[in-house]
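Colleague: The number in our numbering is simply the position in the sequence shown, starting from 1, with 47 added.
One structure is given below, represented as structure tokens, and several questions about it will come after.
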Amino acid sequence: MKIVTFKYSKSLWVFGIVVPSFMTVFCVLRLKKDNWPEILPIITALVFVIISFCKRCFTYDLRDKIALQLDDEKLTSFIDGKVIYWHDVTGISYQRIRWGIRICFKVNRHDIFEETVCIATTHIEGNDFVIYNAINQFIKL
Numbered sequence: 048m049k050i051v052t053f054k055y056s057k058s059l060w061v062f063g064i065v066v067p068s069f070m071t072v073f074c075v076l077r078l079k080k081d082n083w084p085e086i087l088p089i090i091t092a093l094v095f096v097i098i099s100f101c102k103r104c105f106t107y108d109l110r111d112k113i114a115l116q117l118d119d120e121k122l123t124s125f126i127d128g129k130v131i132y133w134h135d136v137t138g139i140s141y142q143r144i145r146w147g148i149r150i151c152f153k154v155n156r157h158d159i160f161e162e163t164v165c166i167a168t169t170h171i172e173g174n175d176f177v178i179y180n181a182i183n184q185f186i187k188l
């Protein structure tokens, strides 16, 4: 079977940059001679949030980097550095979360204990259930 890849989502970076930008503009417009000591720390914090989101987005999201890779042997999540081998997976499920779903795997580790490993689809581009079904197809092989 071929290698299936999913890229980073670009929708979250828009939210992460646009909202603080509008809040900064709003604070600057509300800035007057008598209230600048109160609003200046808020503006500074919002500028740092914008800079950190831009740094993250331009290094991963906008360069079309791979967020999730599925192949015959394993699942690799480049978002949080998780590698799950298909032969270790004993079960799969999903849970709805605020920005998508969280795919949970029951994994046998060294034949001693079972562990649950979860991967959120928040930062992965594409339909959540398409991702879930693609993972399910690899597990069935």
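Quick reminder that beta carbons are idealized off the backbone N, C-alpha and C, glycines included.
Because the structure is a prediction, the values reported are computed rather than measured.
1) Since I178 is in the alpha helix (DSSP H), which residue starts that stretch and which ends it?
2) Suppose you measure from the CA of K129 to the CA of K112; what does that come to, to the nearest Å?
3) If you measure between the beta carbons of D135 and N155, is that distance less than 9 Å?
4) Per the DSSP calculation, V164 is bridged to which residue(s)?
5) For T168, count neighbouring Cβ atoms within 10 angstroms of its own Cβ and tell me buried if that reaches 16, exposed if not.
6) Please identify the residue among R145, F185, G173 and H170 whose C-alpha is closest to the C-alpha of F152.
7) Measuring alpha carbon to alpha carbon, tell me which residue in H170, E162 and S124 is nearest R145.
8) To the nearest angstrom, report how far apart Y132 and E120 are at their CA atoms.
9) Measure how close the beta-carbons of L117 and I50 come, nearest whole angstrom, since I'm counting them as under 8 Å.
10) What does DSSP give as the partner residue(s) for S140 in the beta ladder?
11) Determine the contact status of I98 and T71, defining contact as a CB-CB distance below 9 Å.
Modeller: Quick answer:
1) D175 to K187
2) 16 Å
3) yes
4) DSSP lists F152 as partners of V164.
5) Here T168 is buried. Its C-beta has 16 or more other C-beta atoms within 10 Å.
6) F185
7) H170
8) Using only the alpha carbons, I get a separation of about 6 Å.
9) That belief holds up - the Cβ atoms of L117 and I50 are roughly 7 Å apart, short of 8 Å.
10) C151
11) no
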